[in-house]
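Residue numbers (our numbering), protein chains in the order written: chain A, 2 to 647; chain B, 15 to 534; chain C, 6 to 520; chain D, 1372 to 1469.
We treat Cβ as the ideally placed atom computed from N, Cα and C, and that holds for glycine.
It should be emphasised that the depicted structure is a prediction, and the values quoted were computed from it without experimental measurement.
See below for the structure under consideration.
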Amino acid sequence: MTTMNAVLAAGGPELHPQAAEGVQSVAWLLIALPLAGAAILLLSGRRTDKWGHLLGTAMSLGAFVVGVLAFFQMLGQHADGRSRLVHLFPFISAGSLKVDMNLLVDPLSISFVLLITGVGSLIHIYSIGYMSHDPDRRRFFAYLNLFVAAMLLLVLADNYVGLYIGWEGVGLASYLLIGFWQHKPSAATAAKKAFIVNRVGDFGLSVAIMVMFATFGSLSYQDVFGQASQASQGTITAIGLLLLLGACGKSAQLPLQSWLLDAMEGPTPVSALIHAATMVTAGVYLIVRSHAIYELSPDARLLVTIVGVATLLAGAIIGCAKDDIKKALAGSTMSQIGYMVLAAGLGRPGYVFAIAHLIAHGFFKAGMFLGAGSVMHAMNDDVNMRKFGGLRKVMPITFATFGLGYLAIIGFPGLSGWWTKDGIIDAAFEKGGTSGQILGWLALIGAGITAYYMSRLMFMTFFGEPRWDEDVHPHESPKVMTVPLILLAIGSVAGGAFLILGDRFAKFLAPVVGEPEASHRLITPYTAIVFALMVVGVGLAYVQYLRRPVPRTAPAGNPAVTFARKDLYGDALNESLLMRPGQWLTRLTVFFDNRGVDGVVNGLAAFIGGTSGRVRRVQTGFVRSYALSMFVGAALVVGALFLVRI
Amino acid sequence: MSTVYMAAGDIPTPHIEYGRLAPVLIVLGAACVGVLVEALAPRAQRYGLQVLVSVVGLVAAFAWTIALGIGDQPHHVAAMGAVGVDGPTLFIQGTILVLALMSMLLIAERTNGDSPFTAQASTVPGSPEERESLVAGLVQTEIYPLVLFAVGGMLIFPAANDLLTMFVALEVMSLPLYLLCGLARRRRLLSQEAAVKYFLLGAFSSAFFLYGTALLYGFAGSVRLSDIAAAISKQGGTEPLLLAGVALLSVGLLFKMGAAPFQAWKPDVYQGAPTALTALMASCTLVAAVGGVLRVFYVGLETLRWDWRPMMWAVAILTMLVGAIVAITQTDVKRMLAYSSIAHGGFLLTGVIATNKAGLSSTLFYLAAYGFTTVGAFAVITMVRDAGGEAGHLSRWAGLGKRQPLVAGTFAFFLLAFAGIPLTSGFTGKFAVFQAAMAGGAMPLVIVGVVSSAIAAFFYVRVIVLMFFSEPLADGPSVAFSPTTAAAVAVGAFVTLVLGVIPGPALHLAQSAANQLFVR
Amino acid sequence: MLTALIAIPAVGALLVALLPKGRDALAKQVALGVTLVVAVLSIVMAVQFDPNGKRFQFTEKYWWIKQFGVHYAVGVDGVALVLILLSTILVPLVVLASWNDADRSGGVDAPPKRSVKTYFALLLALEAMMVGVFAATDVFLFYVFFEAMLIPVYFIIGSYGGPQRSYAAVKFLLYSLFGGLLMLAAVIGLYVVSANAGHGTFLFDELRAPEILHHISPTTAKWLFLGFFIAFAIKAPLVPFHTWLPDAAGQAPAGAAVLIVGVLDKVGTFGMLRFCLELFPGASKWFTPVVLTLSVIGIVYGAVLAIGQVDIKRLIAYTSVSHFGFITLGIFAMTSSGQSGATLYMVNHGFSTGALFLLAGFMISRRGSARIDAYGGVQKVAPLLAGTFLVAGLSGLSLPGLSSFVSEFMVLVGTFSRYKVPAVIATVGIILAAIYILWMYQRTMNGPTAEAVKGMKDLSKRELIVVAPIIAIIVALGFYPKPVLDAINPSVKQTLIQVHQQDPKPTVAEKGSHQ
Amino acid sequence: MTGHYLVLSAILFTIGGIGVLIRRNAIVVFMCVELMLNATNLAFVSFARMHGSLDGQIIAFFVMVVAAAEVVVGLAIIMTIFRSRKSSSVDDANLLKY
């Protein structure tokens, strides 16, 4: 106990935020603007078809502006006073349960705000072009706005209930957007699957909230974290694990990863915004936000790192086997989030890198997804990379931006991925002990695989001979789509250095997650190994996919390839372990209810009816038998009276 | 021996309080006038005269009863102690008179000149004579004095303060009913069969009643209820004579109210008898019979209640269950209502068993409430007719609610009252007896009552389903409208509603009637 | 005030019933007018209600049947108030929603036209009784409304329902009647007990007074509790007394199904909160483990059953079984957030399930089939219908931001603070809820448009007017439930005082106090 | 002494009762009922002697009168049904049942 208190005392987070002023006091506008956009677009019907997308984009941009203003205001404040509370309204109150709808503007949340509104706005702009032929573009923008609002609530809430509302709100937006083309059964199914799998995670989050309330009597971050050290170790670990379950659902970590690949059924901007840049990283946010809990529970932290590493490998392996460009990217997303979760589980030094990698990833992965969208745009919405090839000449801008993102993700020195990923690997080794070594090496291997599958994707799409279908005539996308690509590429290149150099981001986040003990080493003993593995990965891909021609149909692979292609049998496992037994259970229950429960009721009725049918036969119609019954009855009455005497 | 026989001079001149007995006397007198009318008046005028005499007689008797009730605290014995004139008795008598008046409306009903009673009872069904009598437009008018005699007997039965008077009243009440049962105009074979069955079993049961009386006489040396009670408290109740006597007496009484296992006659007789008469039996006879049960058990055997209670518990439970369960599978409306009447007898017994003021008053209220509802229900049955007379079979009632919403709706209302749905008199009554029973500690009885109410609800509901939720038959029955029947239905429905919504006054009446219990 | 709320629809019912034949349009207008007046009056009452004032307000008390000790006594506390509001707001919408239902009785076999005015008269009568049952502060009066309410519903289901209507109607009636009669026995018992205590009464306020409470022996209290509880459990319905609900709700016309599931069933949970807990605090605590077990079973079992249904209305009915599990769970957890949440849940469930039933009804009346596999791709042809259906469904699966979430959250949090395991199992319900709602939505609204629904029209203006207020309420209460909670909380506090239960302290605080 | 009469009366009552149960002819059945009534009369008279009061004997007269009235009504009813059915067996009147 004492050590933990000491830890907290040493550099504990700011627990008593002040009331917000200035722009920050209208931080609710951040949420209100996109929410209003969504409401207007949804309620107005077809009337706003013409300019609905512009309104949606404007709302998102507006939020971005507010976010930027709030950010600069924060920079002007002293480091200890950067956590500001915005009181909105009392939400729930009954007995001791009091939940207020308040917003917390602090460095952590503002980082997310900027990422969400910034990348979000770019994707809004991109979508104007991407969705220009869709009759339901207005609805699409409404959902996007809804997503932005919910995501902002998620990161801005000052308590777990607010977070939970945003949490499910983004789930809803994700559901709506994955299933945007709901006439496609696969899209509808994918949407439903995403929601339901997320609900499994939400189960964890819900129970965690209950435990917190039962333990601390409050759900605000301030109260929970402030009293965390007084709770028993078991409780804290339980909360940590339950929160992790929630994070797994939202961030597609093992074992709740299966929905993310299917989620690629949604329009590509959605994949970029929700399923790459922002929503799926909410789990990382949750863990980092709850660091006060995790810091008290080594067991919970350990499990977080295990989940992270397992997922980063699993995602990478899946990414190697996919021919669908979006699914390959989705596998990569899983994998990269695995890195972030790993980092978040590593504790104090990891938080910064988790968030930094998250932001960097937001840029490069969004950029690549949008690039993929641009490619699909050119290829008549085909996603099969085996039918791509040689696109670098016809789509130069897309190629260039995608290439920069590619370099960033494989950790090419100097680009943003290099800064952040190296930091995570370093932190893993820094953890020390056997576990640190294992985590570190696995993360290293993951980096190598990343290089391999990303190169594979790059080569199959942009290099080599064209393997296009006959009726496909690729062309570069319009400006409204390429400009966001360019902006995102800039972020991919420079983001990492900007954040990591001079511990800039670490200092910025310090009021929330605490000051790291030492400043980050730019060059670590592992830098070289990482680089070497990267080269190996790229080389392998070069040999396989650039030197040799790529067949237009996927060759039958060995069991390992099949294993990867089938998403490591995740779906099969779900199906055989959950779905089928579930279906049987359902059928059994329905049968039981109809025959058993209802059967008892109907049986009782039938029994009474049957008794009636038998008893009425006693009424034979013969007057003598009536007389007999009277006679017997009289005897019984006499007997009864005498019996009482005895 | 000589000491036994008293000198002639010792026998006091009987003193009869004519004023207190007037209601009974008026009814019996009206019956006698009816006989004279039958003998003297020309055939064409008999119907009108008979109806007039009956109605006037009943109304006058009722008026007098009310006068007696509000005059002074009625708590007297009359006719040398043979008849008690007290609160409960007057309440019962008043109820009987009103119900009889309503039944009379049904009995006197003539649609297209058709009476529900046969023109000439002596003719063989289906014979040329019968057809002739029908063609001649003959009308049975003897029924009116017969009904009045029966009503007279019913009035005396619950008032009788000694067992002999009670026996005579029983016979006066029963004999005309036996005859009347056999006088249906349609389905005469059924009617006659009902009469035979009723008669034989009735006679059989009165033999039991009488033997029980004899044994009690042997025990107490008197047939006066008060003397029996005194003898019981003096000698203690160990005598086998006493117990056997009580048992046989109970058989006779329970038979009249149709309690299980003495219920067998009820369905057959109710079904076979002319419906107007069934209405009379189901209401007035039941009231009178329960009145008699009340008097015997509250006055004569009250001190013995720890002995007869278990037996009566068993009877009550059996009655409720048999009535409710067997009714479920009935297919004839009247027969179903007969079983329903059996079940209601069971509910009434739960009130009787309470043997306290609450029990008495609640039973009285229940009687009145049930009587009105049941007359109304049978009145509706008389209206629903096929080519061959009343549409007895339930399947014929299908879809009636769509073709005759008012009639079917009223019938449904009566059925809901039978089922004890709140805001009907049936609920108030049931609540009253259950409350009394519960206060008397008869929790299990209440539970059985509740369960059998639930079972019973099934067949009431079934009829409603049939009437309202089934498609109408193509050749479904029509509704024969006659003002007198309609009046009976209206009164029944009105009272059922009023006693359900504002039962206060009626309950108050029953309570003040029961305030002093029976006179000894 | 309350008497007016009861009397106006009752008189309206008579008026509509007495209208001459063939004036169907007039009957509809009168019914709508009357219900609107009642709705406005009830809102006025709600505004005048003072949450911080006396517990029962707008009280009236007259002798009704003095001989039985029965009063006509009405009054509302916060809980009753919100439930009355729920009813009075839903009824006009239902009237509007079933504008044409009685005309063609839209079932599969299209039964012949039935009396339109009777339908609306029955609806009005039902409204009077619904208000009465929540307003009654005399146990006998409550019982009278409780039972009398069955009759109009019975006739509505039986006359205007689907192909299996008479089976469903009879089942509904007998089931409820059976429970009601058990309750009758308990009501009588209660009176007898109070009479033994020196003052026979049916008045709620007097029955809950300590003089009488202490006079009931624990055994008697348990029996009486059971009498009340089984009646309420059937009404609510709690597993295993639930099988009437899918039949009744599945066969009833959509409007009536709304009232059955939305309001009628609330009488059961309302009764548990008001009567079971307050009149038999000891017995309630004794039975708590049983009730909690049944509730939890109900949550999971109802949800699994809902997943397995092939009929839309039956599915919704089973979801209600699951939701009622939450409500009873919250009530018997005996914490303030649990009970406030449960009460709020009653309201929210009324609106969200009401909306689901109405929309399902609109859809079914277009297609003429309630089977899920008869649909597909409706979203494409009727986006408004699909959209509103989705919102209602999402509220049904307690999506945060919609009203049900708040209540479900409160129930779970409140339950967990005292009973950990039931709360955790109940939380599984949120996963199952997602499955049954979204799967139904997918099968009906998504995918390629089925041939049979190609020509389906979107919501008409009238239908939109019906649904819009409900959706608005769902969203509004999802973000700002405070007004309702403010009304509920004081009443719940009273209940908790009556059962001598205090909210469990946070374990951290408890530890602190021990040190 | 009176005890014997009482036993006889009980035996007669039982015989009558059993007769009702086993005989088919309506008239005979009815006669058995009469036998029961007369057994009762015997009991009344015996008890009157035992108690030394007149009442029992007077009651016996009442019973006789009532029995006579019953005979009238009974025979009338049995006659009509005999005329309709050409049978006086009680087992033949069996239309009303269940």
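For residue i, which of the options has the nearest alpha-carbon?
i, options, result
"Gly-260/C", "Gly-335/C, Val-158/C, Phe-234/C, Pro-223/C", "Val-158/C"
"Thr-340/C", "Ala-95/A, Ala-273/A, Tyr-570/A", "Ala-95/A"
"Ala-248/A", "Met-213/A, Asp-263/A, Ser-291/A, Ser-230/A", "Ser-291/A"
"Lys-371/B", "Ser-526/B, Gly-434/B, Leu-459/B", "Ser-526/B"
"Gly-449/A", "Ala-379/A, Val-531/A, Leu-458/A", "Val-531/A"
"Cys-535/B", "Leu-521/B, Glu-156/B, Phe-105/B", "Nothing can be reported for residue 535/B: it is not among the residues displayed for chain B, which extend from 15 to 534."
"Ala-190/C", "Ala-226/C, Ile-162/C, Phe-177/C", "Ala-226/C"
"Phe-430/A", "Trp-419/A, Ala-444/A, Ser-577/A, Ser-417/A", "Ala-444/A"
"Arg-199/B", "Val-112/B, Glu-485/B, Ser-136/B", "Ser-136/B"
"Leu-230/B", "Glu-253/B, Ala-209/B, Tyr-212/B, Lys-248/B", "Glu-253/B"
"Ala-391/C", "Arg-28/C, Ser-370/C, Ala-365/C", "Ala-365/C"
"Met-154/C", "Phe-147/C, Ala-140/C, Phe-145/C, Leu-131/C", "Leu-131/C"
With DSSP as the reference, label residue i as helix, strand or coil.
i, result
"Asp-508/C", "coil"
"Pro-116/C", "Annotation note: pLDDT 48 at Pro-116/C (below 50); position unreliable, coordinate value reported separately. Pro-116/C: coil per DSSP, three-state reduction."
"Gly-98/B", "strand"
"His-247/C", "coil"
"Trp-29/A", "helix"
"Met-102/A", "strand"
"Ser-110/C", "In this predicted model, Ser-110/C has a pLDDT of only 45, less than 50, meaning its place in the structure is not dependable enough to derive any value."
"Tyr-527/A", "coil"
"Leu-510/A", "helix"
"Tyr-1469/D", "coil"
"Tyr-380/C", "coil"
"Leu-173/A", "helix"
"Trp-78/B", "helix"
Could you tell me how far apart the beta carbons of residue i and residue j are, in whole angstroms, since I believe they sit closer than 8 Å?
i, j, result
"Ile-294/A", "Gly-241/A", "5 Å"
"Gly-437/A", "Ala-490/A", "Actually they are not in contact, since the Cβ atoms of Gly-437/A and Ala-490/A sit about 35 Å apart, beyond 8 Å."
"Glu-185/B", "Ser-220/B", "7 Å"
Taking 7 Å as the cut-off, is the C-beta of residue i nearer than that to any heavy atom in the ligand NAP?
i, result
"Ile-461/B", "This structure does not include the ligand NAP; it has no bound ligands of any sort."
Can you give me, in chain order, the residues of the stretch 67-91 of chain C that have a beta carbon less than 8 Å from any beta carbon in chain B? Trp-68, Trp-69, Ile-70, Lys-71, Gln-72, Phe-73
In chain order, what residues of the stretch 630-643 of chain A put their CB closer than 8 Å to some CB of chain B? Ser-630, Met-631, Val-633, Gly-634, Ala-635, Leu-637, Val-638, Val-639, Ala-641, Leu-642, Phe-643
Whole alpha helix (DSSP H) elements within the stretch 290-341 of chain C, 4-residue minimum: 317-338
Would you list, in chain order, the members of the stretch 1380-1393 of chain D that have their beta-carbon closer than 7 Å to a beta-carbon of chain A? Gly-1388, Val-1391, Leu-1392
The stretch 587-616 of chain A: positions lying closer than 7 Å to chain C by Cβ: Thr-587, Arg-588, Thr-590, Val-591, Asp-594, Val-598, Asp-599, Val-602
Name, going along the chain, the residues of the stretch 330-361 of chain B whose beta-carbon falls closer than 8 Å to a beta-carbon of chain A. Val-336, Ile-339, Val-340, Ala-341, Ile-342, Thr-343, Gln-344
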